[in-house]
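Enquirer: Last residue of the sequence shown? That's 134 in my numbering, and every number before it is there in order.
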Amino acid sequence: MEGRNTLQKELIYRALCAMDNHPTAAMVYDQVHRDHPAVSRSTVYRVLARMAEEGKILRLELGGSDSRYDGTIRPHGHVRCRICGAVADLPPVELSAPADTGGFLLEGWAVIYRGLCPACRRQAGQ
Ligand SMILES: [Zn+2]
Ligand SMILES: [Zn+2]
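1) Can you tell me which of 45, 44 and 35 puts its alpha carbon nearest to the alpha carbon of residue 56?
2) Roughly how many angstroms separate the alpha carbons of residue 115 and residue 54, rounded to a whole number?
3) Would you check if the region 40-54 and the region 9-23 touch, i.e. whether three or more CB-CB distances between them fall below 8 Å?
4) Under the criterion of a Cβ to heavy atom distance below 7 Å, does residue 25 qualify as lining ligand 1?
5) Within this structure, are the beta carbons of residue 79 and residue 19 separated by less than 8 Å?
6) For ligand 1, any of its heavy atoms closer than 7 Å to the Cβ of residue 127?
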């Protein structure tokens, strides 16, 4: 049982890392399911959530939409297209923690730019 779980976890991790579009859990499931029909939807959702908690992958909360996952965990910024929702990586942003945290213990940060992707820019003539 443990062996099968580890194998499925590895499959899901590799599928995520091979996708460069910061997929939702549903998109990762579609990808994994194509080659490995035995892997269930609930397993994919559970494994992704677990790996994000363990810090093995990133979960991006972009507001409103489903969480997106990212196999790249080194610090980097993101940009999200406000029209089609495409998410891409940007170089890391230098941030220093504020002196006054309002009593919060800071554990991390996320920088998400909004804008238009190249395809939507062309469409909009910008
Ligand atoms: Zn777009
Ligand atoms: Zn990313």
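For each residue, glycine too, the CB sits at the ideal point set by N, CA and C. Being a predicted model, the structure only gives us computed values, none of them experimental.
Expert: On the basis of the data shown:
1) Translated into the one-based positions of the sequence shown, residue 56 becomes position 48. Comparing Cα positions, the closest option is 35.
2) The residue you call residue 115 lines up with position 107 of the sequence shown. The residue you call residue 54 lines up with position 46 of the sequence shown. Spanning the two alpha carbons is a distance of roughly 23 Å.
3) Segments in contact, yes.
4) For this step, residue 25 is matched to residue 17 along the sequence shown. No, the beta carbon of residue 25 sits no closer than 7 Å to any heavy atom of ligand 1.
5) Along the sequence shown, read from residue 1 onward, the residue named residue 79 stands at position 71. Along the sequence shown, read from residue 1 onward, the residue named residue 19 stands at position 11. No. Outside cutoff.
6) The residue given as residue 127 occupies position 119 in the sequence shown. Here the distance from the Cβ of residue 127 to the nearest heavy atom of ligand 1 is below 7 Å.
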